[in-house]
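Chains as they are written, first to last, in our numbering: chain B, 16 to 240; chain P, 18 to 257; chain W, 2 to 194; chain E, 5 to 275.
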Amino acid sequence: MVDLLNEKKENLVEETNNFEPMKDNGSLKRHFKGKKINESLKIIIVLGLIAMVASIMLAVVNFYTKIDENQQILDEIGSLYSSEISTTVDVSSISNYLGTEIKAYYIADDGANIIVAKANKGDKVCYNATGITIIVIIKEGLIEKVVSFSHSETPGLGERALREEYLNQYEGINTDLIFIPEGDFISTPEFNYFNPSVITGATYSSNGVSLAVKAAVKAYRSRGN
Amino acid sequence: MIEKTEKLTFKDITSPFTNGIINNNATFRLVLGTCPTLAITTSASNGIGMGLSVLFVLVCANAIVSILRNIIPRKVRIPAYILIIATFSTIVEMVVRAFLPDLYDKLGLFLPLIVVNCILLARVESFASLNRVIPSIMDGIGIGLGFTFSITLIGIVREFLGAGSFFGIPINSIISAELPMTFFILPAGGFMVYGFLMVIFNSVVDKIQKSLENRNRVNLGSRSVNAHISTPEIDTQGGK
Amino acid sequence: MPYWLYLVIGGIFINNFVLSRFLGICPFLGVSRKTETALGMGLAVIFVMGMTSIITFGLNLLLKELNIQYLQTIVFILVIAALIQLIEIVIKRFAPSLYTALGVYLPLITTNCAVLGVAIMNVTELATQNIFTSFVNGISSGIGFTLALLIMAGIREKLEYSEIPEKFKGFPITLITASIMAMAFTAFAGLSF
Amino acid sequence: MDFSKEILYPVIILTGIAIFFSILIAIFSKRFAIKKDLQVETVLGLLAGANCGACGYAGCEAFAKALVKGEAKLSMCNATNKECKKKIGALLGTDASDEETVVVCACIGGIMCEDKYEYQGYGDCASVELLSGGRKSCPTGCIGMSTCVSSCPVHAIDIIKGVAVVNQSKCIHCGICVLNCPKSLMKRIPKKAMYFIACSCHESGKNVRINCKVGCIGCGICAKVCPEGAITMVDNLPVFDYDKCIGCGVCADKCPSKCIKELVLPQKNDE
């Protein structure tokens, strides 16, 4: 890996060298003074060039560092749930709440539905690029297990809502007890439905987890069971 | 403002470095980068992670900007600098996510955050765009280390007071005595800790500088007129 | 109650960008020395937030379409920086005194977490995502930012005349005041809609 | 997506946005360029640019315009240093002879000076001055309600222990505080001065000691001990003749109430 970074540095340096024709500072100055390039043209050229070089570098780096997320999910599920995955459901067709996303939906041989749901809630907005992703296993209408897959909560504060003791409150709950509101508002009060306990000091994260579980159950119901 | 013709003296190279750490320490003296400082100093290891990633991006950005400083027209300098900073921070994020997954878990959250860090644009614009490459790189390293030092310091204090642990190792005596106050993990506590640490840091540095001044004044001996350097403290109107 | 009214109240009071989400602290500490500059800065931030909300919403659809999501941050920041540059030229031309008063803090709006925070929040968190709600959210967050800035400027002007210990003058006392204000604003967190 | 599309799309988008905005910026900077007359521009460049208003004009730009039109004299601006004044003089053909001066606060009392009454209420030195000449028992004592602090464009003045102190490293000598101080305690002394009297109370020694523990009691010791005879006692206060004064500092040492202060100016390399 180290050589890739060094190689990146070399082509970074030589990229900038051949990018700007300047071998020695003085000649460029004379060149610009001599030609009197119109100021606004210079603005457009320079910014355009920098943007182009930036986007090329980003695209190249992204191409080499693309990680296959589905593969990661499958490995995680493999380690988590014994029975083999039989079918993978087409995820794009499932409509979900805004601010949530169904990353993957598998059905295991023994009929258990394994849903990976992501909620963009969390205790920080600007820094919370990754949100909360959990794996929900539902078997014959009962939530069997809820496990956290990845999150970006503050350790010791938001992260407490993703620990084992908190998530196992969902185990054994019948999916009908989960209130699935239809309209835009997600936080309408739920009377005779299952009301998850919220950890003090981690309200945003707890809401994020319950939102992700709702999205998973909604996807489960939309498959007609 | 060191022009191309002059030969770089040793002092030109090292002065930005030492300056960066003490005199204009980014967090306590220039008061820059406060958004990430308050957000991530909930634990000391976060501080180190954030500090080092800022250090890397700052050094690269300083280097590139000082190479291009004569080409970028003044009118469009901010978008250009921001493009360079954002490119480096995205590249760092991608490389770390692909090749160092465990480091990414600990630090992945802060890498997109570096773009938003005021230190980078402030240093790039005020230093790198005016000086040559080597002093800019040294300044980048100095400011980066100063930033790492100060946010780790804040991280230690907040983690100790807030979660009763030191670098992640819980200190059971405190936790069992129910002492840790989550107030310090909350950003309101962050402001408080940041304010008090700034007072302590500044008074310590001022004391060191004053002792240096006094040593200079003593060995000057006689009260020659205006020979001594006027100390920066307020009462310079001959407050004997 | 229409959803956008929730957004307005939320943006200004409940999840006020500076005091309950803790974004945009650098200009909040730096510019709030006098109320006029605070107001000038606030108006500039409101305009930038409004404009960026619209532009970034459109761009994000494009990015999602071509699924190059990794460009999201850099595109948003470029748009914000360019907008700030345009405002800087306009303010320099029409309000030179405001321009000198804002000084270095105008370009620093670019790295202001609040502005980027709104852009990202519009894309990820909003319940109904369309241009109008993004714009309303941007404007109300901007007003929330200005409100916090004005309160802070008012307090700091009062602080000028009070007896402050030598070492606490300047930023430390501002930080401690901001901490107390933050405590007050966390009371609003209970009202989340 | 295959390789080419993977690279092509980001490049097109990012470069497209960058070029679109740079065109916008170029147009804006063309259309909103500030129309400036060259001579006023160069004069403005040479002025200190503190926009302090001591010259009576709204700011340096207005002062520069007036200078170019000939309505204003260069000596009205004290913030600009000598070399620049010479250059402006050469440019406009006017003379720039007057001598450089520095501003200091000629009072040392503050909390050491008793208050006649306790002032409760909003306001600064000017409003307290209206109430029978300020709260200090000494008629010319510094009230310390920081009118000068808020008027100073570069925040060079601080109220320390109740009395105004000018921070010479920040001060640009513009003189706005001289105009604003209701007690006119802010005095101009030549830049080459090394010591000055930080008291302006003309009362006899006994009365001064009743009001203020550190005021000048007009004992005249400084005038006697000065080797160069640079100090003459006028109306219970020493007057320094700065051409004769060599800055030996004997007067400051011998002064019983220590109200002769040394003027510490920042060295050129500190700037």
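Think of the CB as a built atom: it goes at the ideal place given N, C-alpha and C, for glycine as much as any other residue.
Straight-line gap, residue 230(E) to residue 180(E) (C-alpha atoms, nearest Å): 33 Å
Check whether residue 236(E) and residue 185(E) have beta carbons under 8 Å apart: no
Reference residue 208(B); option with closest CA among 195(B), 219(B), 93(B), 217(B): 195(B)
8 Å contact criterion, which residue 138(W) and residue 24(W) should meet: CB distance rounded: Not really, about 14 Å apart at Cβ, beyond 8 Å.
Contact set for residue 158(B): own chain, Cβ-Cβ below 6 Å, skip 5 residues either direction: 185, 188
Same chain only: Cβ atoms within 6 Å of residue 118(W), ignoring 5 sequence neighbours per side: 24
CB contact check: residue 221(B) to chain W, cutoff 8 Å: no
Contact the segment 67-74 of chain B vs the segment 26-36 of chain E: 3+ CB pairs below 8 Å: no
Minimum Cβ-Cβ distance from residue 100(P) to chain B less than 8 Å: yes
Residues of its chain near residue 171(W), where Cβ-Cβ distance is below 7 Å and the 5 sequence neighbours each way are ignored: none
Chain B within 8 Å of residue 6(W), Cβ atoms only: no
Alpha helix (DSSP H) segments (min. 4 residues) lying fully within the segment 124-202 of chain E: 129-134, 151-155, 180-184
Any chain P beta carbon closer than 8 Å to residue 24(E): no
CB contact check: residue 108(P) to chain B, cutoff 8 Å: yes
Contacts around residue 108(E), its chain only, beta-carbon distance under 7 Å, and the 5 residues preceding and following it disregarded: 170, 191, 193, 200, 267
Contact under 8 Å by Cβ, residue 248(B) with residue 166(B): Residue 248(B) lies beyond the range of chain B shown here (16 to 240); nothing can be said about it.
Residue 60(B) - containing alpha helix (DSSP H), residue span: 54-80
Nearest-angstrom Cα separation, counted from residue 51(P) out to residue 177(W): 14 Å
Within chain E, partners of residue 66(B) - CB distance below 7 Å: 18, 19, 22
Per-residue DSSP class, three states only, for residue 225(B): helix
From 89(P), 79(P), 200(P), 119(P), residue whose alpha carbon lies closest to that of residue 215(B): 200(P)
Spatial neighbours of residue 135(W) in its chain, beta-carbon cut-off 6 Å, leaving aside the 5 residues before and after: 54, 58, 123
For residue 193(B), the nearest candidate out of 229(B), 221(B), 84(B) (CA to CA): 229(B)
Cβ shell of residue 183(P) (< 8 Å), same chain only, five flanking positions each side left out: 61, 173, 176, 177
Residue 204(E) vs residue 111(E) beta-carbon contact at 8 Å: yes
Cβ pair residue 147(E), residue 187(E) closer than 8 Å: yes
Straight-line Cα distance separating residue 92(P) from residue 43(B): The pLDDT assigned to residue 43(B) is 42, lower than 50, so where the model puts this residue is not dependable; a value taken from the coordinates is nonetheless given after this. When rounded, the distance between both Cα atoms is 19 Å.
Residue from 51(E), 75(E), 129(E), 120(E) with nearest C-alpha to residue 91(E): 51(E)
Endpoints, beta strand (DSSP E) assigned at residue 159(B): 157-165
Length at least 4, wholly inside the segment 40-71 of chain W: the alpha helix (DSSP H) runs in chain order: none
Backbone CA spacing between residue 84(B) and residue 164(B) [nearest angstrom]: 12 Å
Interfacial residues, the segment 82-101 of chain P to chain W, with Cβ spacing under 8 Å: 92, 93, 95, 96, 99, 100
Closer than 7 Å: residue 67(B) CB and nearest the ligand SAH heavy atom: The ligand content of the structure shown is nil, which means the ligand SAH is not present either.
DSSP three-state assignment for residue 161(W), whether helix, strand or coil: coil
Contact check, residue 155(W) vs residue 36(W), beta carbons under 8 Å: yes
is_contact[residue 187(E), chain B] using C-beta, thresh 8 Å: no
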